[in-house]
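A quick write-up on the structure given underneath.
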Amino acid sequence: MSRKKIQDDDISINIPDGADFKNLLKLFQKLVDETVAQKRDERLGLYIKDADEIDYDKFFAEVQRLFGTDVKPQDVKTFYRKISNNPDGRTEWCEIFGYYILEGDALAAQLDEENMVFLVSKKQRIAKAGVKRRDVIKCIVKVPQLDFLVTASQKGMLSIFSSQMRILTSTSIPDTSWITGCDYLSQLKRVVAVTERTIIIWDYKTPGTAMDNCFIIKPMEHCLICVCAVQRPAELLVKDDILLGDDAGYVNMYTMTSDDFGLKQTKSKKKQIIVIDSRKFKSIRRKLHEDWVVKVKFFPALNCFGSCSLDSVHSLVLDDLRRLEDNTPVREFSVPRGVNAFTYCGKANIVVTGGDDKILRLWHPNINTKPVGKLMGHLFSITEIVTNEKDQHIISLSTAKIFRVWDIQTLSLMQVFHDSQAGPRETQIFTMVFDNNHGTLITGSAVIDIYPLTRVIQDTKQVPQTHERSINVLIYNKVFRQILTICSESIVKVWELETGQQIYQIEDAHGPNVELTCAAIDKNGFHLATGACDGTVKTWDFGSGQQLKVLPLTRESTFNEHWLMQMVYLKASGSRHVILVLEYSGTIKIVQGNEGEAYLCITWELPEAVSLALQGNPLMSLKLSPNAKKSNGFFPDVQLLLDKVPVKKSKDELPLKIEVKCFDLLRVEGYNLLATASANGAIIMWDFESATARHIFKAANTVQEDGEELLGINGLLFLYRSAASERKLSETSTESFDPLSDVNPTQEVESSFAVMKKVCPLTFVQQPKTLVRMLCMITFRFAKNSDKTAKREVFISIKATWERKECYYNQLCFLLEAKFTGSPTLENKTRGSPLLQPPNQETEHQSRPILASGHEDGFIYLWTITGDLLREILPFTKHPPIPLTALCTGVSSKTLFAANKEGHVIRWHIGSFLEDPQDTNKHIKQLICWRAHSAKIVSLFYEEEKCLVVTAGSDSSVRLWHATDGHYFGYFGQRRLFELLESTDIILPCDVNEIPFSIRDDSKYMDKKQKFEYPLVLDREKWKTLTRSSLSSKKPGPFEVDQDFKFFKALASPMINKYPLESFKSGNKDTGVVFGSIPIYRVTTPPKIKPIPTKDQEDSVDSLRRRSRTISHSPSRIIAAKAAKAAKTLQAPPF
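The sequence shown begins at 198 in this note's numbering and counts up one residue at a time.
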């Protein structure tokens, strides 16, 4: 049965003729064969990367070259992952085009299958592993109840390591025989080790050398190969049983008690290890194999022991310990070429064997006739097998030092990794254990290697997929805790946030072949608005998905002229809908629908201001007038008043890319702001309270013709947090009073006013709390006809009056009467009232809005509403700067999130910065960064209460993350429900291999607060006394230059000041900022005491002075010597 994926109706696929298509299929099959051969070599660890490596990008480009651009990337990606995860699986060429030849729902089950795999991080190597020279680790035992490791080297070194891999204690056994195995005796609290002919008991708690804390048991009849301790419940008599395997095929069991190892008492001064006769111990044995017993183990869950051998008939014996005493038949498992290693998984109740035949066999413990499963893939003999009980995984090791991770439930290979860092002496790995407590794989050779294996959830067959096409819209309904996603096929889906279940979906919301581009939800969560590429707007009932009203397409428009890019729901009620929309042309409009009107209509438009601002009008005044068409209740009609009249230019002469690309809105108490960003990097801040429009820009961000892709703005976000007292008051008022109460009789309101007027105003002046309490009751309990904005205004005014300890009785009464009676003159009468003006102290503590802009160059700029640049933030992602695509924050604005085109999510803490943005000591700390998608992130939002982040990417998936640590919960559209539980395991989607990384406070990538104490400072008074006019100064002589350093003479100790001088500077060392300085010292040489010279010394000193004076005045020594020689020759007498 074939199944075909949904194809676009408007896309026609050009199919070549038969002969050409067959040739293309042959080339495609050749490409697949080369890719499969490469994947096989990668799994075996034999592949070496070169220029001919076929990755997904190269594979996709080659497929498009063969079959054209009609091949869908999602189908090619699914096909590539199929051959990557299972190179031996069957593939068909039709799968490239979205057709699958499978029966029933096998494909759906395969695509939705999720496996737990291991992600191998950088291993830790313990070079000092407690071994001697040219020695190797022969055995490693994990003691889970004490959380330490016991290791035994071949040349007799026994060591105990802590969980941090630090040696706690060790001893060296002076024995010429090699150690072949070791184990821990849980009852006797001792370590047992075996050599070829002896048993060694080490009391590791007793200090001293092996002479003080070791016992040797001998002789042994055969050569001992392996040892295992039998774990049994504690008894009154402390004893332990040990199992021994030898080279004759016998399995021996020795019983040891605490009485067998008493205190060492010897009169000899020469210490030696006590030797105990093996015949003193109770022992039993039975021959179970015809060859060497390679390994012996005891499984408490089965209450059975197991032993393996290279014997092909008696390969594995698994039975009760009582079988060693009698001669009854034992349960044997036969494997060709024998068994080298075996293990037991208690959670899956499976015994796993492996040997020289390179096949892992899974057995039921009670069925020895036929294995329940086989795992093939090793090309060399299997030497070690361990299990991960938690996740039911098998980890096998071959002689080629290749590790393979298998899933027991699906019998599939999940991970292959190779020990490629081994040295020349590390030719073999002798032992391997898995630490379930820490999730690490520990191997022993000449060194100890620790592999931190991180558990990762990966969809091994397909990339997480929420829609069939790329995501256009992601919005969150805070009231219902639901999210809404829209893809480019105009399919609207609504999901539960906490479970991931789909509630409903709407197909072709704006008609066939009309792409939805934006959406918005009102603050009450009951209404939804959607916008399309043709400029149409529709409103919906969010709960039922029923259409309410529509803005029809009135006229034919040019291509993408009315394409809606962004919208905000300003007001939604049963009678009125007000929506702010942004068109592709850069026009911002208000779409409005009133009661009784069948359609929505455009009632307001924001004028274009970027071109005017760029022509010499950075600050423009606004003329605000009542709406001419319909009153929208939010923005009046706007007209720009320019100081400098711009020159009229044609469209071709205007600045490039002045169209508005994005906007953000802030309407809170005292602020009515609208920020718009253009494609050329310009920001216009519309302040409707002060009636101004301000141009905000950074000189380096102006777009040039050759760099416009690097300097644009992709997102704007207002960061605002009100004062703590006001926020607390708002929460208290919301909880204490019910502003929507229906019990509001008008008579009670009027009677309350009558009571207030009868009371003397002086009473309220003396007791302001009484007045405030009564006014609050009237405001919130009886104000049925007033809206929330009016009630909040009254409450803030009352609070301000209370804090100032003043009472304006008549003004308060008038204010309440006007609010409740709907007086039209309220605005004019109360405009200058001191009651409505908050006190200065309150204004100082109230935070001011900050505007954040995300740019194409990867930076985030933080601005004040007046246009001052406060901070420049460059996210650290271990990659070059990546263009940002989205910004978001929580309700409290303590955390800022950003997303970029490479799929990264970055989180900052901005709480302390918003407290006082002007304080340079308030830093913005980057906390964590993780890779959420392999492609561009379209949108994201942050649920602060649940600490969740939802991201939507262009890869058609919407994913859920933990905001603190980047933990991956899953994607919307998967079959399993979300489990919103914190986990220590790192979980990633299949297309992401980067582990989230956090930046510590002491990291070099963080801005650090440096404190420097300078021992010398410049004394201004000394500097003035040393400074002289340039006219009176003369050029110093050769020997006076070093004495003319005025700066050093003006340096003095900071103790001259009343307080020690301190300097606080912040800088980033990696970005080249000078963050410190080195003080310069000038040390004067102390004067030396000259002794009184004698007469001979005076003569010698005078001669030295004369000589030095002669040398200093002579041109050079060579010339002086020649002149002296010539003079001597002339003065010589003739013969």
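Think of the CB as a built atom: it goes at the ideal place given N, C-alpha and C, for glycine as much as any other residue.
Predicted, not measured: the structure shown is a model, and the values here were computed from it.
#1: What number of angstroms, rounded off, separates the C-alpha of Thr-628 from the C-alpha of Ser-642?
#2: When the distance is taken between beta carbons, is Pro-1078 closer than 8 Å to Leu-916?
#3: When we look at the beta-carbon of Met-764 and count the other beta-carbons within 10 Å, is it buried (16 or more) or exposed?
#4: Check this for me: beta carbons of Leu-421 and Phe-495, under 8 Å apart or not?
#5: How is Phe-1138 classed by DSSP in three states: helix, strand or coil?
#6: So if DSSP puts Met-611 in a beta bridge, which residue, or which two residues, is it bridged to?
#7: Could you tell me which of His-1052, Glu-1053, Leu-1048 and Leu-750 sits nearest to Thr-1061, measuring between CA atoms?
#8: Taking only the alpha-carbon atoms, compute the straight-line gap between Ala-349 and Phe-1194 and give it to the nearest angstrom.
#9: When the Cα of Ile-582 is compared with those of Val-630, Gln-625 and Ser-1109, which residue comes out closest?
#10: Taking the alpha-carbon positions, what's the Cys-715 to Tyr-1168 distance?
#11: At what residues does the beta strand (DSSP E) containing Leu-441 begin and finish?
#12: Counting pairs of Cβ atoms below 8 Å between the stretch 1114-1125 and the stretch 1138-1147, do you hit three or more?
#13: My understanding is that Val-448 touches Leu-521, with C-beta atoms under 8 Å, so please give their C-beta distance in whole angstroms.
#14: Suppose you measure from the CA of Glu-802 to the CA of Gly-783; what does that come to, to the nearest Å?
#15: Can you grab the Cα-Cα spacing for the pair Ile-471 / Gln-351, in whole Å?
#16: Helix, strand or coil for Asp-884 per DSSP?
#17: Only counting runs of 3 or more residues, tell me where the beta strand (DSSP E) segments fall wholly within the stretch 1089-1139, in order along the chain.
#18: By how many angstroms is the C-alpha of Ser-770 removed from the C-alpha of Gly-867?
#19: Cutting at 7 Å between CB atoms, please list the residues of its own chain near Phe-739, excluding the five before and the five after it.
#20: When we look at the beta-carbon of Ser-772 and count the other beta-carbons within 10 Å, is it buried (16 or more) or exposed?
#21: If you measure between the beta carbons of Thr-392 and Ile-376, is that distance less than 8 Å?
#22: Let me check one thing: in DSSP terms, what residues is Met-764 bridge-paired to?
#23: Can you tell me which of the three DSSP states Lys-246 falls into?
#24: Have a look at Pro-568 and Leu-638 and give me their C-alpha separation to the nearest angstrom.
#25: To which residues of the same chain is Ala-216 closer than 8 Å at the C-beta, ignoring the five residues directly before and after it?
#26: Measuring straight from C-alpha to C-alpha, what distance separates Leu-837 and Trp-883?
#27: Could you pull out every residue in the same chain whose Cβ sits closer than 8 Å to the Cβ of Thr-1074, ignoring the five residues on either side in sequence?
#28: Across which residues does DSSP place Trp-603 in a beta bridge pair?
#29: Please state if the CB of Ile-893 and the CB of Phe-832 are separated by a distance shorter than 8 Å.
#30: Roughly how many whole angstroms lie between the Cα atoms of Val-340 and Gln-428?
#31: For Cys-501, which of Ala-445, Cys-425 and Trp-760 has the nearest alpha-carbon?
#32: Name the DSSP bridge partner or partners of Arg-483?
#33: Does the Cβ-Cβ distance between Ser-685 and Asp-705 come in under 8 Å?
#34: Is the CB-CB distance between Ala-324 and Leu-355 below 8 Å?
#35: Classify Leu-343 as helix, strand or coil using the three-state DSSP reduction.
Per the coordinate set shown:
#1: One C-alpha to the other measures close to 7 Å.
#2: Not closer than 8 Å, so no.
#3: By the C-beta density criterion, Met-764 is buried, having at least 16 other C-beta atoms within 10 angstroms.
#4: Leu-421 is not a Cβ neighbour of Phe-495, given a cutoff of 8 Å.
#5: Taken through DSSP and simplified to helix, strand or coil, Phe-1138 comes out as strand.
#6: Under DSSP, Met-611 shares a beta bridge with no residue.
#7: Distance from the Cα of Thr-1061 is smallest, within the candidate group His-1052, Glu-1053, Leu-1048 and Leu-750, for Leu-1048.
#8: Using only the alpha carbons, I get a separation of about 37 Å.
#9: Of the listed residues, the one whose Cα sits closest to Ile-582 is Val-630.
#10: Cα-Cα distance, rounded: 21 Å.
#11: Segment 436-443, the beta strand (DSSP E) holding Leu-441.
#12: Contact between the stretch 1114-1125 and the stretch 1138-1147 is absent, because fewer than three Cβ pairs lie under 8 Å.
#13: Taking the Cβ atoms as the reference, Val-448 lies roughly 6 Å from Leu-521, within the contact range of under 8 Å.
#14: Between the alpha carbons of Glu-802 and Gly-783 lies a distance of about 11 Å.
#15: Those two C-alpha atoms are separated by around 21 Å.
#16: Three-state result, Asp-884: strand.
#17: Qualifying beta strand (DSSP E) stretches, in chain order: 1092-1097, 1101-1106 and 1122-1128.
#18: Those two C-alpha atoms are separated by around 24 Å.
#19: Answer for Phe-739: Asn-674, Ile-718, Gly-722, Phe-723, His-724 and Leu-725, listed in chain order.
#20: Burial call: exposed.
#21: Cβ atoms of Thr-392 and Ile-376: closer than 8 Å.
#22: Paired residue(s): Val-778.
#23: Three-state result, Lys-246: coil.
#24: C-alpha of Pro-568 to C-alpha of Leu-638: approximately 27 Å in a straight line.
#25: Excluding residues up to 5 positions away in sequence, nothing lies with its Cβ nearer than 8 Å to the Cβ of Ala-216 in the same chain.
#26: Straight-line measurement puts the Cα of Trp-883 at about 11 Å from the Cα of Leu-837.
#27: Result list for Thr-1074: Asn-1097, Glu-1099, His-1101, Ile-1103 and Cys-1126, in chain order.
#28: Trp-603 pairs with Ile-591 and Leu-610.
#29: Between Phe-832 and Ile-893, the C-beta spacing is not below 8 Å.
#30: Each residue's Cα considered, the two are about 12 Å apart.
#31: Relative to Cys-501, the option among Ala-445, Cys-425 and Trp-760 whose CA is nearest is Cys-425.
#32: The partner list for Arg-483 (beta bridge, DSSP) reads Val-448.
#33: No, the Cβ-Cβ distance between Ser-685 and Asp-705 is not below 8 Å.
#34: For Ala-324 and Leu-355, no; Cβs fall outside 8 Å.
#35: Leu-343: coil per DSSP, three-state reduction.
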